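Here's the structure, in structure tokens; my notes come after.
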Amino acid sequence: DGVRLPTTHRQRVHANGTLVVEQVTRGTDDGQYSCTASTRQGLSDTQHLTVRVMVPPRLAPFSFAVGTRAGMRAQATCLAQEGDQPLAHAWLKDGHPLDPNLDVRTSQLDAFTSILVIDRATAAHTGNYTCAATNAARTTTITARLTVSVPPAWVVEPASTSVALGATVALHCLAKGFPNPTIAWRKETVSGEFVGVATGEGGVAGWENGTLAVSRAEHRHEGRYLCEANNGVGAGLSKVVTLSVNEPPWFGVRSQRHQVEVGGTASLTCEAHGDTPLALTWTRGGAPLPPIPRYEVSERQVETGQVSELVLRSSHLSDSGTYVCTATNTHGSLTADFHLLVQDVPDPPSGVTVAEEGSRHLTLTWTSPQDSNAPITAYLVTFDALQVPGGAREVTVEGEQQKVRLEGLLPATTYTLTLVAENRVGRSQPSPPLRVTTQEEPPAAAPQSVNVLPVSSTALQVSWDPPPHNLTHGDVLGYYLGFKDASEGEGGAYNFTTVGVDGVGVTSATLGGLRPHARYAVVLQAFNSKGAGPASPPALATTLEDKPSSPPGHVTCESVTSSSVVVTWAPPPPRHRNGVIVNYRVYYSQSSPHEGGGSGSVVSETQRATLAGLSPWTNYSITVAAATRAGEGAPAHALLCTTDQDVPEAPARVKAVVSGPRAVVVSWAPPARPHGRISRYTVHWEPAGGRGGPHSRRVEPHLTHLTLHDLPHTTH
Numbered sequence: 001d002g003v004r005l006p007t008t009h010r011q012r013v014h015a016n017g018t019l020v021v022e023q024v025t026r027g028t029d030d031g032q033y034s035c036t037a038s039t040r041q042g043l044s045d046t047q048h049l050t051v052r053v054m055v056p057p058r059l060a061p062f063s064f065a066v067g068t069r070a071g072m073r074a075q076a077t078c079l080a081q082e083g084d085q086p087l088a089h090a091w092l093k094d095g096h097p098l099d100p101n102l103d104v105r106t107s108q109l110d111a112f113t114s115i116l117v118i119d120r121a122t123a124a125h126t127g128n129y130t131c132a133a134t135n136a137a138r139t140t141t142i143t144a145r146l147t148v149s150v151p152p153a154w155v156v157e158p159a160s161t162s163v164a165l166g167a168t169v170a171l172h173c174l175a176k177g178f179p180n181p182t183i184a185w186r187k188e189t190v191s192g193e194f195v196g197v198a199t200g201e202g203g204v205a206g207w208e209n210g211t212l213a214v215s216r217a218e219h220r221h222e223g224r225y226l227c228e229a230n231n232g233v234g235a236g237l238s239k240v241v242t243l244s245v246n247e248p249p250w251f252g253v254r255s256q257r258h259q260v261e262v263g264g265t266a267s268l269t270c271e272a273h274g275d276t277p278l279a280l281t282w283t284r285g286g287a288p289l290p291p292i293p294r295y296e297v298s299e300r301q302v303e304t305g306q307v308s309e310l311v312l313r314s315s316h317l318s319d320s321g322t323y324v325c326t327a328t329n330t331h332g333s334l335t336a337d338f339h340l341l342v343q344d345v346p347d348p349p350s351g352v353t354v355a356e357e358g359s360r361h362l363t364l365t366w367t368s369p370q371d372s373n374a375p376i377t378a379y380l381v382t383f384d385a386l387q388v389p390g391g392a393r394e395v396t397v398e399g400e401q402q403k404v405r406l407e408g409l410l411p412a413t414t415y416t417l418t419l420v421a422e423n424r425v426g427r428s429q430p431s432p433p434l435r436v437t438t439q440e441e442p443p444a445a446a447p448q449s450v451n452v453l454p455v456s457s458t459a460l461q462v463s464w465d466p467p468p469h470n471l472t473h474g475d476v477l478g479y480y481l482g483f484k485d486a487s488e489g490e491g492g493a494y495n496f497t498t499v500g501v502d503g504v505g506v507t508s509a510t511l512g513g514l515r516p517h518a519r520y521a522v523v524l525q526a527f528n529s530k531g532a533g534p535a536s537p538p539a540l541a542t543t544l545e546d547k548p549s550s551p552p553g554h555v556t557c558e559s560v561t562s563s564s565v566v567v568t569w570a571p572p573p574p575r576h577r578n579g580v581i582v583n584y585r586v587y588y589s590q591s592s593p594h595e596g597g598g599s600g601s602v603v604s605e606t607q608r609a610t611l612a613g614l615s616p617w618t619n620y621s622i623t624v625a626a627a628t629r630a631g632e633g634a635p636a637h638a639l640l641c642t643t644d645q646d647v648p649e650a651p652a653r654v655k656a657v658v659s660g661p662r663a664v665v666v667s668w669a670p671p672a673r674p675h676g677r678i679s680r681y682t683v684h685w686e687p688a689g690g691r692g693g694p695h696s697r698r699v700e701p702h703l704t705h706l707t708l709h710d711l712p713h714t715t716h
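The opening position of the sequence shown corresponds to residue 1 in the UniProt record's numbering, with each subsequent residue numbered one higher.
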């Protein structure tokens, strides 16, 4: 209307051009609104809209008259106290449009008022009625409840009935109305009054639907009963009915089982109850009992009923069966069954066989004997080891089993087995004996008393005793004889050879091809068809000594003087010493002996020897041999050794020949024993008579003469 907004706190203008008006009211907020948008350049645009404020319907509360009963009229008026027109009215029942078959009328009194009319109220009219008024603003509703009270009417009318003693009976009494009628049962007393029935005790129960139930009818339940239905509307309903309790024949026990041994006496007692007169009869297989002296029937009256007793004497197996006692009176008949079992001891089990066979177990199966009217309660299995005195054992097997696994048996052992069946009467005769031998196992013990003795440097004699017979677990087929070098310790592997028995109890063997003076560990295992048993503890023995099979090694020699040499060496390898080295012998000889040359030997207990008294500058062939207590071994390869040089002997055949007035030729031969390599000769001379001093001249070693010149006369 030309006024810039906002003007009140209920109006808010947002930056995006939105106008929000809260708590809208007619007269204040309706009218024409304009929105103008402008730019900084001065451009603008305006749009107009008209706001019209609508008033929704407002309904006045309505209600139905309290205490409306079936057959009465009911009415409700729905008034719209305010709201814009046009207004439309509608009626709902329990949230749904009115059912056309409900006999409800609606009419419009004026533009603001609608009337709902029920000409004749019934229980179906009870419910929640809603009036809805609608205009352009919204729909408004208001609800009121109509309750129509209906007097009781029979749905199931009580009726007289009868019931057999001990059976279940129900007296039905069901009424409808609104509010729901309350059902009450009363029973007539001796004085003719009707008093309330105590439910929840004596087998009497009252159900929610009004039924009175008796779970086990007795004579005290007989009589006249009154059922009342009342809901406070009208006078209510009531009816008197009669309950009769009849007692047809009945038995305290309808099925009995009797057992008797063959030849014994069976007594079957049939006691029946019910309204008299009662008649009792016996049948078997649907036919009367045969008239034989062994069957006796007697009858007597007792306080609680009638008793008939059937006695069977000298019972046979054929007497087994079901005997039926029938009781009859005017209300019906009933039977009781008497199951008689004539029992005898069972027959022996048959078909006893070995289903599975092991070294320490056997599995037996058998066929149960024919039924002797007494179930087998147990089987007794007896098994006896023939080779083990006093080894009989007994195992009990449950009667429903036809199989047993016998444990804890001995390998390679023959057993005799018998079976006996047992029931409550007694035991059967044993089954025919069954002989069976368990399978073998590897021996459980090692050979005993193992003894090892050396017989040579390469052989050991081994002797032993077999394992205990009860631990061989079968026939010993031979022995595994194992040996190894004891120096290898526990980690070394044994070499095994087989020693057969060939039907003879062989208990000794010779191990050959061994090393001399070696310590061996020897073990023995007995074996049978299933394998080898444990090994005996290692027995230790050493072969005898032998000559060393290898010479000393690393032989060296060193000349220390012109007449002595030191020789050293290493022992033979340990595996070739073949015993304990007691000494060494050093052999020496001249390689080019002079006349009467030299050779010899020296014994040493160490690895060193000194050869003395040798010739200077002489080649000697030297070798060394090791010796054990068994003898001396092969010598080492010869070693050539030369003694040191020494002063040579004088030259031989020295001659001086005058070759001129003042010249002399001196000649000589090399020394017979030069004691080394000649490095030079020295010729000495001097004048005779001591005139003048001595002279000398050196001569090369390859020369054996020298000419002396310019000698004075009479020079010597």
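Backbone N, C-alpha and C fix where the C-beta goes; we use that ideal spot for every residue, glycine too. Computed from a predicted structure; not experimentally measured.
Chain C contact for R662 (CB, 9 Å cutoff): Although the question refers to chain C, the structure presented lacks it and comprises just one protein chain.
C227 versus I183: straight-line alpha-carbon distance, rounded: Indexing the sequence shown from 1 puts residue 227 at position 227. Indexing the sequence shown from 1 puts residue 183 at position 183. Rounded to the nearest whole angstrom, the C-alpha separation of C227 and I183 is 7 Å.
Distance between P635 and G553 (C-alpha atoms, nearest Å): Along the sequence shown, read from residue 1 onward, the residue named residue 553 stands at position 553. Along the sequence shown, read from residue 1 onward, the residue named residue 635 stands at position 635. Spanning the two alpha carbons is a distance of roughly 10 Å.
Neighbour-count burial assignment, E422, 16 or more Cβ in a 10 Å radius: The residue you call residue 422 lines up with position 422 of the sequence shown. Counting C-beta atoms within 10 angstroms of its own C-beta, E422 has 16 or more neighbours from the protein chains shown and is therefore classed as buried.
C-beta atoms of L406 and C325 nearer than 9 Å: For the purposes of this step, residue 406 is taken as residue 406 along the sequence shown, with counting starting at 1. For the purposes of this step, residue 325 is taken as residue 325 along the sequence shown, with counting starting at 1. Judged by their CB atoms, L406 and C325 are not nearer to each other than the 9 Å cut-off.
Environment of E595 [buried if 16+ CB atoms lie within 10 Å]: In the sequence shown, residue 595 corresponds to position 595, counting from 1. Because E595 carries a pLDDT of 42, less than 50, the predicted location of this residue cannot be relied on, and the following value inherits that uncertainty. It is exposed - the Cβ of E595 has fewer than 16 other Cβ atoms within 10 Å.
Contacting residues, own chain, Cβ-Cβ under 7 Å from S529 (five flanking each side not counted): The residue you call residue 529 lines up with position 529 of the sequence shown. These residues qualify, in order along the chain: E440, G474, L477.
Bridge partners - H695, DSSP secondary structure assignment: Here residue 695 refers to the residue found at position 695 when the sequence shown is read from its first residue. Looking at the DSSP assignment, H695 forms a beta bridge with W685.
Extent of the continuous beta strand (DSSP E) run through L708: Position 708 of the sequence shown, counted from the start, is the residue given in the question as residue 708. Following the DSSP letters along the chain, one finds L708 inside the beta strand (DSSP E) bounded by residues 705-708.
The segment 172-182 in contact with the segment 152-163 per 3-pair CB rule at 8 Å: The segment 172-182, when compared against the segment 152-163, does touch it at the 8 Å Cβ threshold.
N16 in three-state terms, based on DSSP: Position 16 of the sequence shown, counted from the start, is the residue given in the question as residue 16. Correct three-state label for N16: coil.
Closest Cα partner of G513 within the set S536, F527, A526, Q461: For the purposes of this step, residue 513 is taken as the residue at position 513 of the sequence shown. Proximity to G513 across S536, F527, A526, Q461 peaks at Q461, based on C-alpha coordinates.
Close Cβ partners of G332 (< 8 Å) along its chain, the five nearest in sequence each way excluded: By 1-based counting over the sequence shown, the position of residue 332 is 332. Closer than 8 Å at Cβ, skipping near neighbours: A164, P248, P249.
Whole-Å CB distance - A446 paired with P534, under 8 Å assumed: As a working mapping, residue 446 is identified with position 446 in the sequence shown. As a working mapping, residue 534 is identified with position 534 in the sequence shown. Between P534 and A446 the Cβ distance is about 5 Å, and since that is below 8 Å, they are a contact.
For G196: DSSP bridge partner residues: Here residue 196 refers to the residue found at position 196 of the sequence shown. Residue pairing from DSSP places G196 in a beta bridge opposite R186.
Proximity of D485 and A518 at Cβ, strictly below 9 Å: Along the sequence shown, read from residue 1 onward, the residue named residue 485 stands at position 485. Along the sequence shown, read from residue 1 onward, the residue named residue 518 stands at position 518. Yes. Within cutoff.
Contact between the segment 358-375 and the segment 278-291 (3+ Cβ pairs under 8 Å): When C-beta atoms of the segment 358-375 are compared with those of the segment 278-291, fewer than three pairs fall below 8 Å, so the two segments do not count as touching.
Three-state secondary structure (DSSP) of N528: As a first step, residue 528 is located in the sequence shown; it is residue number 528 there, counting from the start. Reduced to three states, the DSSP call for N528 is strand.
Sequence-distant residues of the same chain with beta carbon closer than 8 Å to E222, five excluded per side: Sequence index remark: in the sequence shown, residue 222 carries index 222 (1-based). So the list reads L243, S244, V245, once near-sequence residues are dropped.
Nearest-angstrom Cα separation, counted from A167 out to residue 722: Residue 722 is absent from the structure shown; the chain starts at 1 and stops at 716.
Euclidean distance between Cα positions of P375 and R424: Translated into the one-based positions of the sequence shown, residue 375 becomes position 375. Translated into the one-based positions of the sequence shown, residue 424 becomes position 424. About 8 Å.
7 Å Cβ shell around G203 - same chain, five flanking residues per side excluded: Working through the sequence shown from its first residue, we reach residue 203 at position 203. So the list reads V214, S215, R216, once near-sequence residues are dropped.
9 Å Cβ cutoff met for R515 and N578: What you label residue 515 is simply residue 515 of the sequence shown in a count that begins at 1. What you label residue 578 is simply residue 578 of the sequence shown in a count that begins at 1. R515 places its beta carbon less than 9 Å from that of N578.
contact_flag[the segment 334-343, the segment 383-395] where n(CB pairs < 8 Å) is 3 or more: Cβ pair count under 8 Å is below three, so no.
Close beta carbons around A144, own chain, < 7 Å, minus the five adjacent residues each side: For this step, residue 144 is matched to residue 144 along the sequence shown. Shown here for A144: same chain residues with a beta carbon closer than 7 Å to its own, the five before and five after excluded, namely F62, S63, F64, A76, Y129 in chain order.
DSSP-derived helix/strand/coil call for E440: For this step, residue 440 is matched to residue 440 along the sequence shown. Reduced to three states, the DSSP call for E440 is coil.
Whether A626 touches P571 by CB criterion (9 Å): What you label residue 626 is simply residue 626 of the sequence shown in a count that begins at 1. What you label residue 571 is simply residue 571 of the sequence shown in a count that begins at 1. Against a cut-off of 9 Å, the Cβ pair of P571 and A626 comes out as a contact.
Length-filtered (3 minimum) beta strand (DSSP E) runs lying within the UniProt domain "Fibronectin type-III" (551-646): You should have 553-561, 564-570, 583-590, 599-604, 608-611, 619-628, 639-642.
Among R224, G236, L611, the one whose alpha carbon lies nearest that of E193: Within the sequence shown, numbered from 1, the residue matching residue 193 stands at position 193. Nearest Cα to E193 within the set R224, G236, L611: R224.
Contact set for A124: own chain, Cβ-Cβ below 7 Å, skip 5 residues either direction: What you label residue 124 is simply residue 124 of the sequence shown in a count that begins at 1. Cβ within range, chain order: L102.
Distance, V523 Cα to P454 Cα: In the sequence shown, residue 454 corresponds to position 454, counting from 1. In the sequence shown, residue 523 corresponds to position 523, counting from 1. Cα to Cα, the separation comes out at about 15 Å.
Euclidean distance between Cα positions of V342 and A412: As a first step, residue 342 must be located in the sequence shown, where it is residue number 342. As a first step, residue 412 must be located in the sequence shown, where it is residue number 412. A straight-line Cα-Cα distance of about 46 Å links V342 and A412.
Buried versus exposed call for I292 [16 or more other C-beta atoms within 10 Å across all chains shown]: Stepping through the sequence shown from its first residue, residue 292 is reached at position 292. Exposed.
Spatial neighbours of V647 in its chain, beta-carbon cut-off 8 Å, leaving aside the 5 residues before and after: As a working mapping, residue 647 is identified with position 647 in the sequence shown. Within the same chain, V647 has close Cβ partners H675.
Own chain residues within Cβ distance below 6 Å of T623, not counting five before or after: Looking up residue 623 in the sequence shown gives position 623. Correct list, in chain order: Y587, P635, A636, A638.
Neighbour-count burial assignment, P467, 16 or more Cβ in a 10 Å radius: The count along the sequence shown starts at 1 and reaches residue 467 at position 467. Buried is the call here.
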